Structure formats: structure tokens, C-alpha cells
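Asker:
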Amino acid sequence: SIHTRFTPVSSTPIGKLIDELFIEGWQNESNYSNYFPICAPLACRYTYVKRNNALYILTIFLGLYGGLTVGLKLITYQTFREALNKYLDDRKPEELKECYLYGRIPPIEKLDQSLSSLINCERLALSSNTIDRIGYMNNLRNLKILSLSRNNLKNLNGLEVLGETLEQLWISYNHIEKFKGINTLKKLRVFYFAYNQIKDWMEINKLNELNLLEEITAYGNPIHERIVGENFSPEPSQPITLLEKEYYREFNIRIPNLKKLDGRVFLDKDDDDDEDND
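The numbering of the sequence shown is this note's numbering, which starts it at 61 and goes up by one.
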């Protein structure tokens, strides 16, 4: 008879045999003592992969962050003319009422003269690029909505030529500290500038010169964080907090005609006073 650790086999459950893979015993050690006498190699070589060089670390981080497309986006860019030509696809620029060039890969770094060809454009979306300067908008005499969020803007220079038409300006997630020249945008109704670098309430005072302005977003700026705290995102569906009320009052004092702030409809002054008295 054959000796086995599963003796007697007839009484060993089939489940146990499967779990043990029908193996009598595991050999947990590797022994190469007979390799050299039998194979008699003339030489032995070995290789190792270096894991701490700069290129390896960079590729690993790019892989974690988003892969090749993100890597290309970080190191390359395209001109506005190139992006526009791809977008037109046999159309003529003067035919466009709306133009969506946001999130280009590689990104648009600078605007150029070809932008002035969009003479009938009413809505222009240039968000999520790397644009650092506004310009070449003199001929955009029909433009009503301009989106430049998530770029590298530091000021609003170049927008004054849109003063007679622009109704909505979206510039959140930039590096803007001052609203110099904002008073020229007389038709502006909606102004989104969340997550910029507005530190002084004097900049908010300038918005009072815009008589048609009724909606803004301003959270994520230093003026917001100083009152309600850092990393606080407004939740319009939730009851307003006391700190938010203080923040809202600062805007109400400076822009009396404002109807909506950070997604929340402004309370009438009388209603606000009644709440305080309750």
C-alpha cells in the first residue's frame, strides 16, 4: 500500500483534498547545490533595476497623476490659431455664434490675432488652459459670455474693449488680486471670481459701479476665508451659518443691488433684520 498523509483516502473528504491541492507536502526552501556541478556554467551574470533615478520617479508620478496626456499637457502648448483651426473643421470663424476651446490638450498658452476673426461670437469658452494675458478682443463686438476660469491670469487688462456687450465673466481659479478696469464693463450682470487672490474689500467696492450686476461668486478668496474660514465651500441648500451672514452683509453693504452670492439668493434687508430680532 502507498503511504499518504490523507490515509485512509476513502474517508478523507473531497473538499479537504481540493483545499490541499492533493499535495503531500510543501517544500518551502530552494536548493541550488546541484546546479553548478550538473550545468557547469562558464560564467554567471546578474542584473538589477535601479528604482531611484529621476526619470523613473517622474514616470511613476505621471502615471499616478494621469498618464501620458497629463505629461504632454505639462510640457507642451499650442497657439490659439492652431486650436481654432482644429475646432473650425471647415467652418469659417465669422460663422460661429459660440466657440468652445476649453481644456485643450496641449493647452492654449497665449491668445493671438486669430481671435479677432470671431466677429459674431456671443459665447467664448477658454477655461482650463494656461492663458496668462487677455488680448486681441477688439473685434469681438457681439461677445456676451466669456469664460476664462482655470488659467494663469493675474489681472483683467484687455477686457475694457468688451464694455458695451459683455454680460457674463467667469474667471474663477486664477491669480487675480485687483479688479482694475472692471468699471468699464457696464453691461455685466454675472461675475464669477471664486478662488482668486482678492484680499481687500476695496476691490469689492469697485463692483458697485456696475449697475446691472446681480450675481457673483467670491468664495475661496482671502476676503471670504478671513470670515468663514479656509476650505469652506458654501452649500446653498443648507441653512446659512452666522459667519456666512456676516460675509453676506459685507457684500450687501457694498453692492446693494446684488441678488445672488455664491449660489444663494440674497435675503431682503427687512427679512434679514427680522431673523436677527427673533
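Just so it is clear, CB atoms sit at the ideal spot from N, CA and C, and this is done for glycine as well.
Since the structure is predicted, the reported quantities are computational estimates derived from the model, not experimental observations.
Do the CB positions of Ile179 and Glu155 come within less than 8 Å of each other?
Answerer: Not a contact, by the Cβ cut-off of 8 Å.
Asker: Tell me which residues share the same chain as Gly163 and place their Cβ nearer than 6 Å to its Cβ, disregarding the 5 neighbours each side in the sequence.
Answerer: Around Gly163: Ser188.
Asker: Taking all protein chains shown into account, decide if Leu118 is buried (16 or more other Cβ within 10 angstroms of its Cβ) or exposed.
Answerer: Leu118 is exposed by the Cβ-count criterion.
Asker: What does DSSP give as the partner residue(s) for Lys214 in the beta ladder?
Answerer: Answer is none; Lys214 lacks a bridge partner.
Asker: Thr119 by DSSP, collapsed to three states: which one?
Answerer: It is helical.
Asker: If I measure Cβ to Cβ from Asp199 and keep anything under 6 Å in the same chain, skipping five residues before and after, which residues do I get?
Answerer: It is Asn, not Asp, that sits at residue 199 in the sequence shown. The residues are Ser176 and Ile179.
Asker: Inspect the CB distances between the segment 314-328 and the segment 275-289 and report whether three or more fall short of 8 Å.
Answerer: Yes: at least three Cβ pairs fall under 8 Å.
Asker: Just the Cα atoms here: how many angstroms apart are Arg309 and His284?
Answerer: Each residue's Cα considered, the two are about 12 Å apart.
Asker: Need the endpoints of the alpha helix (DSSP H) that Ile288 sits in, please.
Answerer: Sequence inspection shows Val at residue 288; the Ile mentioned does not correspond to that position. Its alpha helix (DSSP H) spans residues Pro282 to Val288.
Asker: Report the residue from Glu169, Tyr116, Asn268 and Asn217 whose alpha carbon sits nearest the alpha carbon of Leu248.
Answerer: Here the closest residue by C-alpha is Asn268.
Asker: As a quick exercise: from Arg183, Lys152 and Lys146, pick the residue whose alpha carbon is nearest that of Ile165.
Answerer: Per the Cα distances, Lys146.
Asker: Report yes if the CB atom of Asn234 is closer than 8 Å to the CB atom of Asn271, and no otherwise.
Answerer: No, these two residues do not count as a Cβ contact at 8 Å.
Asker: Which residue's Cα is closest to the Cα of Pro299: Val325, Gly289 and Glu290?
Answerer: The candidate whose alpha carbon is nearest that of Pro299 is Val325.
Asker: What is the residue span of the alpha helix (DSSP H) that Arg309 lies within?
Answerer: Its alpha helix (DSSP H) spans residues Leu302 to Arg314.
Asker: Of the residues Glu158, Glu304 and Ile264, which one's Cα is nearest the Cα of Ser207?
Answerer: Answer by Cα proximity: Glu158.
Asker: For Ser187, which of helix, strand or coil comes out of DSSP?
Answerer: Correct three-state label for Ser187: coil.
Asker: Since Arg193 and Thr225 are thought to touch, with beta carbons under 8 Å apart, how far apart are those beta carbons, to the nearest angstrom?
Answerer: The pair is not a contact, with the Cβ atoms about 21 Å apart (cut-off 8 Å).
Asker: Terminal residues of the continuous beta strand (DSSP E) containing Ile276?
Answerer: Residues Glu275 to Thr277.
Asker: Using CA atoms only, rank isn't needed, just tell me which of Thr190, Lys152, Ser232 and Ser174 is closest to Met197.
Answerer: Checking every option, the nearest Cα to that of Met197 belongs to Ser174.
Asker: Beta-carbon separation of Ile236 and Phe253 under 8 Å?
Answerer: Yes, Cβ-Cβ distance for Ile236 and Phe253 is below 8 Å.
Asker: Distance check for Ala143 and Thr244, CA to CA, integer angstroms please.
Answerer: Rounded to whole angstroms, Thr244 to Ala143 spans 29 Å at the Cα level.
Asker: Does Leu219 pass the burial test, meaning 16 or more other C-beta atoms within 10 Å, or should it be called exposed?
Answerer: With 16 or more other Cβ atoms within 10 Å, it is buried.
Asker: Give a yes or no on whether the C-beta atoms belonging to Asn312 and Asn281 are separated by under 8 Å.
Answerer: In this structure, Asn281 does not lie closer than 8 Å to Asn312 by Cβ.
Asker: Skipping 5 residues on each side, what residues in its chain have a beta carbon closer than 8 Å to that of Gln138?
Answerer: Within the same chain, Gln138 has close Cβ partners Arg164, Pro166, Pro167, Ile168 and Glu169.
Asker: Nearest to Leu216 by CA position, among Ile258, Lys305, Leu115 and Tyr160, is which residue?
Answerer: Minimum Cα distance to Leu216 is reached at Ile258.
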